[in-house]
Amino acid sequence: VFDVEGVLIPKNMFFFKVGRTMGLLKLIQILLYGFLYEIGVFSLEKVLRGVFKAAKGQRMQNLLCVFDQIPATPRLQSFFAQIKGRDYRIALISSGLPTVVVKRLADCLGAEYAYGIDVGLTEYGELTGRPVRAIIVAGSVNDVCHLCRSTARRSSRCRSMLRSSVASAGPQ
Numbered sequence: 020v021f022d023v024e025g026v027l028i029p030k031n032m033f034f035f036k037v038g039r040t041m042g043l044l045k046l047i048q049i050l051l052y053g054f055l056y057e058i059g060v061f062s063l064e065k066v067l068r069g070v071f072k073a074a075k076g077q078r079m080q081n082l083l084c085v086f087d088q089i090p091a092t093p094r095l096q097s098f099f100a101q102i103k104g105r106d107y108r109i110a111l112i113s114s115g116l117p118t119v120v121v122k123r124l125a126d127c128l129g130a131e132y133a134y135g136i137d138v139g140l141t142e143y144g145e146l147t148g149r150p151v152r153a154i155i156v157a158g159s160v161n162d163v164c165h166l167c168r169s170t171a172r173r174s175s176r177c178r179s180m181l182r183s184s185v186a187s188a189g190p191q
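Going by our numbering, the sequence shown opens with residue 20, and the numbers climb by one from there.
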């Protein structure tokens, strides 16, 4: 199980690049949300609602194009190939990126599972401005724990690892 932002791709790079495509005022708004989160004033949930509200009307295809321009950590593909060569299953998790974006990275790296934020989309593929479901809900954690059980890992170890990952994600 791998966290995406700050581990596999540079932290905050996605939202910075998305903000740049939306213009200076939206970029400043997104940067302000990020700053207030980093200093502990805003919770992750509040920040994500604000960022996705700012991104309302953006086409998901444009977000995927922005993501494709973000360099991943060097040698990721060979690292994941080695893990898969040892018969492990790989899950990618992000508490901030849309699931579609995490799945794009999972496809590139050969990961079997990808979890992120489910975002509302219009019939035209534009963001509605609201996240629908975040990864930091019990059901998603249970999905990942099911993955651990299915690979003969102890689910209690997985659950405690995920709880510590969620706790270290910052103020809730």
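Built from N, CA and C at the ideal position, the CB exists for glycine as well. Please read these numbers as outputs of a predicted model, since none were measured by experiment.
Out of 57, 87, 100, 141, point me to the one whose CA is closest to residue 122's CA.
The count along the sequence shown starts at 1 and reaches residue 122 at position 103. The candidate whose alpha carbon is nearest that of residue 122 is 87.
Among 127, 25, 20, 49, the one whose alpha carbon lies nearest that of residue 83:
Here residue 83 refers to the residue found at position 64 when the sequence shown is read from its first residue. Residue 127 is the option with its Cα nearest to residue 83.
Rounded to whole angstroms, how far is the Cβ of residue 36 from the Cβ of residue 85, which I believe are closer than 8 Å?
In the sequence shown, the residue the question calls residue 36 occupies position 17. In the sequence shown, the residue the question calls residue 85 occupies position 66. Yes, they are in contact, since the Cβ atoms of residue 36 and residue 85 sit about 5 Å apart, within 8 Å.
Residue range of the alpha helix (DSSP H) that includes residue 134
The residue given as residue 134 occupies position 115 in the sequence shown. Premise fails: residue 134 lies in the beta strand (DSSP E), 132-140, not in any alpha helix (DSSP H).
Quick one: grab the DSSP three-state call for residue 151.
Against the sequence shown, residue 151 aligns to sequence position 132. Here residue 151 sits in strand by DSSP.
Which partner residues of residue 57 appear in the DSSP bridge assignment?
As a first step, residue 57 must be located in the sequence shown, where it is residue number 38. Paired residue(s): none; residue 57 is not in a bridge.
Just tell me which of 89, 45, 39 has its CA closest to the CA of residue 25.
Against the sequence shown, residue 25 aligns to sequence position 6. When only C-alpha atoms are compared, the closest one is 89.
Excluding five sequence neighbours on each side, which residues of the same chain lie with their C-beta closer than 8 Å to the C-beta of residue 94?
As a working mapping, residue 94 is identified with position 75 in the sequence shown. There are no such residues.
Tell me where the alpha helix (DSSP H) around residue 91 begins and ends.
Position 72 of the sequence shown holds residue 91. Segment: none, residue 91 is in no alpha helix (DSSP H) and carries neither H nor E.
Taking the continuous alpha helix (DSSP H) assigned at residue 74, which residues delimit it?
If you number the sequence shown from 1, residue 74 lands on position 55. Element bounds for residue 74: n/a, residue is neither H nor E.
Distance, residue 23 Cα to residue 101 Cα:
For the purposes of this step, residue 101 is identified with residue 82 of the sequence shown, where counting begins at 1. For the purposes of this step, residue 23 is identified with residue 4 of the sequence shown, where counting begins at 1. Those two C-alpha atoms are separated by around 18 Å.
With a Cβ-Cβ cutoff of 7 Å, do residue 130 and residue 20 count as a contact?
Along the sequence shown, one-based indexing puts residue 130 at 111. Along the sequence shown, one-based indexing puts residue 20 at 1. Going by C-beta atoms, residue 130 is not nearer than 7 Å to residue 20.
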